[in-house]
Amino acid sequence: MARHLDTVVALQQSLDKLRILDESLAGVPPEMRELHDEYTLRKAEIDELEATIKEAEGERRTAETGTQDCEVKLKHFQDQVNRVRTQREYSAILQEIDTVRDESRALEEQALLAMERQEQAETELAELRQQFQELDEQYAVEAEKWEEAKPGVAQQAESTRALIAQLRDELPPGNLVLFERIYDRTDGDALAVVLPLDRGVKGPNMWHCGACNYNVRPQAVVEIINHGSLMYCDSCKRLLYLEDEEE
């Protein structure tokens, strides 16, 4: 008698494997994930500092240009001082001169602050680049290895797809529909291992669902062990199976 549960377990495992392979091919493999995350974080810090330097440099240049414009205005107003004929005109020009001077002082302060921010960012960037160099070299080596391994991983993915198609064909339509419905509902986690319940006292064996910890009926465990029947948890509704050492 065919043990369809064994086929379902193999199908779930193959789908899990394919998901990992596809995710690796679309991004980075699991063994490179930690290095990739650190590399991405440090690279983002460098990019942020470079953007800060560029922004501060732009602010400094804008402020310096504004200061130069103020100097031109001051010269113009100062040339006009000796040409005024009334006290009213004289007061107005002095007011303009004071306004331009205030603007010039504000721009000079803005330029100074921008320069300080730029210099601080450049110092931090130099330190970060020095620290990043070793990580960058390590990442380049691992990335090259991954590029060399990719064709083999792609071949594994294709072989796994073929195995999944074969396993689907081996299942009766009703069992396949049941598995796929649970698989979709649980976001790809259709199975739950049955685990022995440690009661701390002697007595009949008792079991619980490894996914939700709900008690599993002894008769369900008997059906799984003896016939490989498709039984599901009364709580989370996942299909139940026993690991080899428990069967």
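Residues 1465 to 1711 (our numbering) are what the sequence shown spells out, left to right.
Each residue gets a CB set at the ideal place from its N, CA and C atoms; glycine is no exception.
Rounded Cβ spacing between residue i and residue j (contact assumed at less than 8 angstroms)
{"i": "Leu1631", "j": "Ser1478", "result": "6 angstroms"}
{"i": "Thr1529", "j": "Glu1572", "result": "The pair is not a contact, with the Cβ atoms about 12 angstroms apart (cut-off 8 angstroms)."}
{"i": "Tyr1647", "j": "Leu1499", "result": "The pair is not a contact, with the Cβ atoms about 32 angstroms apart (cut-off 8 angstroms)."}
{"i": "Arg1527", "j": "Ala1607", "result": "The question names Arg, yet the displayed sequence has Ala at residue 1527. Not quite, the Cβ-Cβ distance comes to about 42 angstroms (not below 8 angstroms), so this is no contact."}
{"i": "Leu1475", "j": "Ile1628", "result": "7 angstroms"}
{"i": "Glu1512", "j": "Leu1599", "result": "Contact doesn't hold; Cβ gap of about 16 angstroms is too wide."}
{"i": "Cys1534", "j": "Glu1567", "result": "6 angstroms"}
Residue i - containing alpha helix (DSSP H), residue span
{"i": "Pro1637", "result": "1637-1649"}
{"i": "Cys1534", "result": "1494-1545"}
{"i": "Thr1563", "result": "1551-1634"}
{"i": "Leu1706", "result": "Counting along the chain, Leu1706 falls outside any alpha helix (DSSP H), and DSSP gives it neither H nor E."}
{"i": "Leu1483", "result": "For the record, residue 1483 in the displayed sequence is Arg; it is not Leu. Arg1483 -> alpha helix (DSSP H) spans 1468-1490."}
CB of residue i within 8 angstroms of CB of residue j, strictly
{"i": "Cys1673", "j": "Ala1684", "result": "no"}
{"i": "Gln1582", "j": "Arg1524", "result": "yes"}
{"i": "Pro1494", "j": "Ile1510", "result": "no"}
{"i": "Leu1635", "j": "His1468", "result": "yes"}
{"i": "Ala1520", "j": "Ala1621", "result": "no"}
{"i": "Leu1589", "j": "Glu1514", "result": "yes"}
{"i": "Phe1596", "j": "Val1564", "result": "no"}
{"i": "Ile1557", "j": "Val1548", "result": "yes"}
{"i": "Glu1670", "j": "Leu1661", "result": "Strictly speaking, residue 1670 in this sequence is Met, with Glu absent from that position. Against a cut-off of 8 angstroms, the Cβ pair of Leu1661 and Met1670 comes out as a contact."}
{"i": "Ala1421", "j": "Phe1643", "result": "With the chain covering 1465 to 1711 only, the question about residue 1421 has no answer from this structure."}
{"i": "Lys1481", "j": "Thr1624", "result": "yes"}
{"i": "Asn1459", "j": "Leu1592", "result": "Past the edges of the chain, shown from 1465 to 1711, lies residue 1459, and the structure says nothing about it."}
{"i": "Val1680", "j": "Cys1697", "result": "yes"}
{"i": "Gly1692", "j": "Asp1470", "result": "yes"}
ask   = In the stretch 1656-1704, which residue ranges form an unbroken alpha helix (DSSP H) of at least 4 residues, counting only runs that do not cross its ends?
value = 1682-1691
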